[in-house]
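Line order of the protein sequences matches chains S, R and Y. All residue numbers for the first sequence refer to my numbering, where the first residue is 77 and numbers rise by one. All residue numbers for the second sequence refer to my numbering, where the first residue is 5 and numbers rise by one. All residue numbers for the third sequence refer to my numbering, where the first residue is 1368 and numbers rise by one.
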Amino acid sequence: MPALAAWYDLRDLGHYVTSVINWLQDDLSAPDWVTYVVSGVIGIVAILLWLLISQLSFIWIERRIIGRMQARIGPNRVGPRGLLQPIADALKLLLKEAITVRLADRPLFWLGPVLIFVPAMVVFAVIPFGKGMTLADLNVGVLFVIAIGSTNTVAVFIAGWSSNNKFALLGAMRTVAMLISYELIQVLALLGVVVFAGSMRLGEVVAWQSHYNAWLLFLQPLALVSFMIASAVEINRSPMDISEAESEIVAGYHTEYSGIKFGFFYTAEYFAGFAISAVTVTLFLGGWTAWGLEEWVPGWLLFLSKLYLVFFLFIWTRGTLPRLRIDQLMAFAWKFLLPLALVNVLVAGGEVLAWREGDISSNVALPIFGVANAVLAAQLIIGWGTFMGHLKPERRAKRAVLTQELGAVYYVPPKRPAGEP
Amino acid sequence: MDDAGSVIAFWLLAALTVGSALGVIAVRDLIRALVLLITSFLGVAGLYITLSADFVAVAQVLIYAGAISILLIFAIMLTPRASRDNAETFLQVPAFLLAGLVAFTIAFISLQTDWSIAERGGFGETASAIGEALLSKYVLPFEMASVLLLVAMLGAIVLVRPEGTPEE
Amino acid sequence: MPMKTEPFVVNIGPQHPSTHGVFRMRLTLDGERITDADMVIGYLHRSMEKLAEERSFTQVIPFTDRTDYVAAMTGNLAYVLAAEKLCGIEAPERAQWLRVIMSELQRFASHSMAVGVFANDCGAWQTPVMHMFREREKILDLFEMACGARLTTNYMRIGGVSRDIPPEFMPAAHKLLAELPKRMDEYEDLLVENEIIVARSRGVGVLPAELAIATSVSGPMLRASGVAWDIRKADPYAAYERLEFDICVGTNGDVYDRFLVRVAEMRQSIRILEQALAMIPDGPVAVDVPVALRPPAGEAYGRIESPRGELGFYVVSDGGPAPYRFHIRSPSYINLTPLRDLAIGATVADAIVILGSIDIVVGEVDR
């Protein structure tokens, strides 16, 4: 039985798993399919365990953080400092009656939560957690992530439709329109990454970032921002949680779900949040590498810390920002992010072409690209925003007029018909 | 395609694909038919994977299960409620005859053709090969497909525009 | 080729997280746009006006707490002014100043809630609400110090106020007043300058000035439409004539301006409070009024500027111990008049925001 270099040396868990597999194959001469199944099972069990533990902890962490942001404490009743709150939540959801509305389409009603849950977990199959720690390092990893994310759309619609409820249907249609708009932005943002790394394999992208000692965050800032915004929309996370807007259409597409079925939606939102953070970390923040730090600190530990930091960003925006209207959100996607993403792809392509054809050394080329891209991103955002009228005086904040004249009328009729974004 | 795993996978996926496709025409409710159609798409993606066509498989999921199903959803939403039933029509017999004819033709041709089975090489990168082919050998169909999509998008916008007011 | 769409009736409320109470709106939608809006009220009707006819003039005062339960002090004050006009009594100096202090504290607390809940309607997940409730809690603590109750205060009496403030009130009030301007800066930074709130509320629910005047709208809604009308200046009561403050006016009449007007009024309240706490004289706090008060026959209308608008009480006496007729002119009820015109053409999300900006309290609407 192969063993770790020392019992505390957790750096090379991936190597350990590979040596177990090799031991199975060579020493025990097991048939191929046994090796295959064993490696699959190890990977799946590890990922699922980690996901569940993370999700349970983050229920508590998120609510405490948001509580702190709102000048209050957060859960502190259940267990010491409220630490057993996730258990209480899980128990409550399991024990609640899962009401199935009488007029709902029963098979589809049952299918909705399942279909939402699956894509969030499947994405983790292609993500490199550390050295040699990928469940399935597909050649088309990036495209796989997007494809699985796109099945989320259908699942949302089925959940909304099968509830047989006007509010749920309204929420579902809004969500579908939003999701297909932002899928495009996601793809274009990731295209910039793929152009630089030269491959769609996630392991390759991490290796590229490690080899050139440059995180793609510095080379493609616009792509990172677009990707994070588009992904926040894709997972229906605040500030784009229009589909579950509590103050508007109660809970949108999952209004009619209760009990463990709602638990599935709730859990799937967390899993999807982790998935998005994982993809962001892998593609833009160097994955499990950190400029050579992975020699001393285990790679997967670095990966997880980065993932949790990115997820904290999502929690932060959730606690702070109000949400946009659906038509404003779609206008933002089509009129603002899409042209910017297209320009980004064009520029990225040009830069990589110049770099390879011109045979410039990477030490010279990459810093230039980084600075150029950052400046370009800032200019594009400001310039296009001004062009589209986002910084016009009537969009800006102002103050009320203070007066002493009683009875005077200060009303200025609007120049355009009211209600347009 | 010789080992037991591939054969089992092929038969399972084929059963899934054909079964769901049959379900699409047999089921009463349109949305359930749509769900079965999506299952059929996923089955086809699985079949692509057994053929080591990774890019095409993932593209199948992305485009068919992800986008075309949404298109069908919108199409269903836009039809009035009354005509959403997969009800009895007098066109059933001619439709079956026509479908049977097409299926027979394809089966006959595929069984008669002398397929040259290529040697199963390693699992290579298909994405770059497809990309190169699209931009060198097949660039004309590629560009024409883009123009077709553009025309379709413009047509959709023109059709939906309310009279008189400019689109937002 | 026009697409055929069917109108779609959606019911918002009475149980809904955002309708500020049991209020029901039936919206007829065409896609996302509203083509018709129907309001159904009466879910909180408690027949206060009829019940008042069987209570004495002093026993009616707790009812006035519960009409506008978010701003109880101002409710008390409006009724007490009407009753004092009927009886021909005038409250002593210290009582007038105490009335001003309590009214302005109440105005600040009520606007805190209105602004916080408005941001909540825009989707900001209760964070602004929690922050604004910090100040509201401190003000409610002051009320508890003064009269024993936080929400339904029952503080004003015919001829003055019910009791004098305890000695710890003034230092606590000064301490609170010292931190309020800083907090207002914080809130203005977080909310007024926020891109998303501006995008959600600018140009939404525009109420033109003529329509506002024609539908008898009052309060911040009227002032946001540009009409500078404040009862504290137009028909001064209590000690307002001796105080310096500005009328806060908007220019566009949209939801954003109503929000701005409320924020500016909070600052003006701070200004008034600073002056009042400095200028309050000593003396008696109430005129001796018989328990079984029988005002002479006649009618009186007492009105004040409540945080929601003009709150008026029309009291008719026939010489008996109970009012012959007791009518509440509630600002929320009248302010709802243009809701249909504002909602038509907006989207569902906008309708919620517009309703939030009118700042209704269903206790007042239904009485």
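No residue lacks a Cβ here, since even glycine has one placed at the ideal position from N, Cα and C.
Worksheet item: Y:D1613 touches chain B at which residues, Cβ-Cβ below 7 Å?
Response: Checking the listed chains, one finds no chain B in this structure; the protein chains it contains are S, R and Y.
Discussion item. For Y:L1394, list the residues DSSP reports as bridge partners.
Written reply: The sequence position of residue 1394 of chain Y within the third sequence is 27, counting from 1. Y:V1377 and Y:A1404, per the DSSP bridge assignment.
Worksheet item: Which of the three DSSP states, helix, strand or coil, is assigned to Y:C1489?
Response: Position 122 of the third sequence holds residue 1489 of chain Y. DSSP places Y:C1489 in coil when its eight states are reduced to three.
Discussion item. Check whether chain Y comes within 7 Å of S:R148, counting only Cβ atoms and requiring the distance to be less than that.
Written reply: For the purposes of this step, residue 148 of chain S is taken as residue 72 along the first sequence, with counting starting at 1. Judged by the 7 Å Cβ criterion, S:R148 is in contact with chain Y.
Item to complete: Below 8 Å CB to CB, which residues in the same chain sit around S:E173 once its five sequence neighbours on both sides are set aside?
Response: Here residue 173 of chain S is taken as the residue at index 97 of the first sequence, counted from 1. Within the same chain, S:E173 has close Cβ partners S334 and G335.
Practice prompt. Could you please give me the residues that DSSP links to Y:H1694 through a beta bridge?
Written response: Counted from its first residue, the third sequence places residue 1694 of chain Y at position 327. Paired residue(s): Y:Y1681.
Worksheet entry | Contact residues within the segment 19–45 of chain R, judged by C-beta distance below 9 Å to chain S | D33, I35, R36, L38, V39 and I42
Worksheet entry | Candidates S:I129, S:V263, S:Y346 and S:I458, of which the one nearest S:I192 by Cα | Stepping through the first sequence from its first residue, residue 192 of chain S is reached at position 116. Nearest C-alpha to S:I192: S:Y346.
Worksheet item: Which first and last residues belong to the alpha helix (DSSP H) in which Y:E1794 is found?
Response: Outside the shown range of chain Y, which is 1368 to 1734, sits residue 1794 of chain Y, and nothing can be said about it.
Discussion item. Let's see if you can read the secondary structure: which residues bound the beta strand (DSSP E) around Y:E1666?
Written reply: For the purposes of this step, residue 1666 of chain Y is taken as residue 299 along the third sequence, with counting starting at 1. It spans G1665 to S1673 - the beta strand (DSSP E) in which Y:E1666 sits, taken as one unbroken run.
Discussion item. Our contact map puts Y:G1593 next to S:V485 with C-beta atoms below 8 Å; I'd like the distance itself, whole angstroms only.
Written reply: Here the question's residue 1593 of chain Y lines up with position 226 in the third sequence. Here the question's residue 485 of chain S lines up with position 409 in the first sequence. That belief holds up - the Cβ atoms of Y:G1593 and S:V485 are roughly 5 Å apart, short of 8 Å.
Practice prompt. Note down, in chain order, each residue of its chain lying with its Cβ closer than 6 Å to the Cβ of Y:E1677, except the 5 sequence neighbours on either side.
Written response: Within the third sequence, numbered from 1, the residue matching residue 1677 of chain Y stands at position 310. Same-chain partners within the cutoff: S1585, I1598, R1670 and P1698.
Practice prompt. Would you decide whether Y:S1636 is buried or exposed? Buried here means 16 or more other CB atoms lie within 10 Å of its CB.
Written response: By one-based count along the third sequence, residue 1636 of chain Y stands at place 269. With 16 or more Cβ atoms within 10 Å of its Cβ, Y:S1636 is classed as buried.
Practice prompt. Whole angstroms is fine: what's the gap from Y:D1685's alpha carbon to Y:R1625's?
Written response: If you number the third sequence from 1, residue 1685 of chain Y lands on position 318. If you number the third sequence from 1, residue 1625 of chain Y lands on position 258. Between Y:D1685 and Y:R1625, the C-alpha separation is close to 41 Å.
Fill in: Contact set between the segment 1702–1718 of chain Y and chain S, restricted to residues whose Cβ is under 8 Å from the partner
G1712, A1713, T1714, V1715, A1716 and D1717
Discussion item. Looking at the secondary structure, which residues open and close the alpha helix (DSSP H) in which Y:L1444 lies?
Written reply: Counting from one through the third sequence, the residue named residue 1444 of chain Y turns up at place 77. Note, Y:L1444: alpha helix (DSSP H), A1439 to C1454.
Worksheet entry | Listed by chain order, chain S residues near Y:S1592 by CB distance under 8 Å | Translated into positions along the third sequence, residue 1592 of chain Y becomes position 225. Here the neighbours are Y487.
Worksheet entry | Beta-carbon proximity check, S:A71 vs Y:H1498, cutoff 7 Å | Missing from the structure shown is residue 71 of chain S; chain S here goes from 77 to 497 and no further.
Worksheet item: Beta-carbon of S:F390 versus every beta-carbon of chain R: anything under 7 Å?
Response: Reading the first sequence from its first residue, position 314 is the one you call residue 390 of chain S. Not one chain R Cβ lies under 7 Å of S:F390.
Worksheet item: Should S:Q161 be flagged as near chain Y, meaning a C-beta pair shorter than 7 Å?
Response: As a working mapping, residue 161 of chain S is identified with position 85 in the first sequence. So, not an interface residue.
Worksheet entry | Per-residue burial, R:A61 [other beta carbons within 10 Å of its own, 16 or more giving buried] | One-based indexing of the second sequence puts residue 61 of chain R at position 57. The residue is buried, with at least 16 neighbouring Cβ atoms inside 10 Å.
Worksheet item: From this set, Y:V1658, Y:L1444 and Y:N1487, which residue's C-alpha is nearest Y:V1467's C-alpha?
Response: Here residue 1467 of chain Y refers to the residue found at position 100 when the third sequence is read from its first residue. When only C-alpha atoms are compared, the closest one is Y:L1444.
Fill in: Residue closest to S:L169, alpha-carbon to alpha-carbon, out of S:E371, S:A201 and S:K337
Position 93 of the first sequence holds residue 169 of chain S. Of the listed residues, the one whose Cα sits closest to S:L169 is S:K337.
Worksheet item: Would R:E129 count as contacting chain S if we go by Cβ distances under 7 Å?
Response: Numbered from its first residue, the second sequence carries residue 129 of chain R at position 125. It does; some Cβ of chain S falls within 7 Å.
Discussion item. Considering only their Cβ atoms, is the gap separating S:V221 from S:V72 smaller than 7 Å?
Written reply: This structure does not reach residue 72 of chain S, given that chain S is present from 77 up to 497, and the question cannot be answered.
Worksheet item: Pairing CB atoms from the segment 1608–1616 of chain Y with CB atoms from the segment 1453–1460 of chain Y, are three or more of them under 8 Å?
Response: no
Discussion item. Output needed for S:S323: all residues of its chain with C-beta closer than 8 Å, excluding positions within five of it in sequence on either side, in chain order.
Written reply: As a working note, residue 323 of chain S is residue 247 in the first sequence. Low confidence applies to S:S323: its pLDDT is 44, below 50, so where it sits in the model is not reliable, and the reading given next is rough at best. So the list is empty, once near-sequence residues are dropped.
Worksheet item: Which of the three DSSP states, helix, strand or coil, is assigned to Y:M1497?
Response: Your numbering for residue 1497 of chain Y matches position 130 in the third sequence. In this structure, Y:M1497 counts as helix in the three-state DSSP scheme.
Discussion item. Does the contact criterion of 3 or more C-beta pairs under 8 Å hold for the segment 388–399 of chain S versus the segment 273–292 of chain S?
Written reply: no
Practice prompt. For the beta strand (DSSP E) holding S:L478, just list the boundary residues, first then last.
Written response: Counting from 1 along the first sequence, the entry for residue 478 of chain S is found at position 402. That run of the beta strand (DSSP E) goes V477 to T479.
Worksheet entry | Sequence-distant residues of its chain with Cβ nearer than 7 Å to R:A103 (five each side left out) | The residue given as residue 103 of chain R occupies position 99 in the second sequence. Hits under 7 Å: none found.
Discussion item. According to DSSP, Y:M1523 sits in a beta bridge with which residue or residues?
Written reply: What you label residue 1523 of chain Y is simply residue 156 of the third sequence in a count that begins at 1. DSSP, once it has assigned bridges, lists Y:V1528 as partnering Y:M1523.
Worksheet item: Hey, how far is the Cα of R:I74 from the Cα of S:Y487?
Response: Position 70 of the second sequence, counted from the first residue, corresponds to residue 74 of chain R. Position 411 of the first sequence, counted from the first residue, corresponds to residue 487 of chain S. Rounded to whole angstroms, R:I74 to S:Y487 spans 46 Å at the Cα level.
Discussion item. Taking the alpha helix (DSSP H) that R:I35 belongs to, which residues open and close that run?
Written reply: Residue 35 of chain R sits at position 31 when you count from the first residue of the second sequence. Here the alpha helix (DSSP H) through R:I35 covers L34 to T54.
Worksheet item: Going along the chain, which residues of its own chain have a beta-carbon closer than 6 Å to the beta-carbon of Y:I1639, five neighbours each way excluded?
Response: Taking the first residue of the third sequence as 1, we reach residue 1639 of chain Y at position 272. Counting only Cβ-Cβ distances below 6 Å, and skipping sequence neighbours, we find E1471, L1610 and F1612.
Discussion item. Report the CB separation of Y:M1633 from Y:F1475 in whole angstroms; it is logged as a contact under 8 Å.
Written reply: Numbered from 1 along the third sequence, position 266 holds the residue referred to as residue 1633 of chain Y. Numbered from 1 along the third sequence, position 108 holds the residue referred to as residue 1475 of chain Y. Right, their Cβ atoms sit about 6 Å apart.
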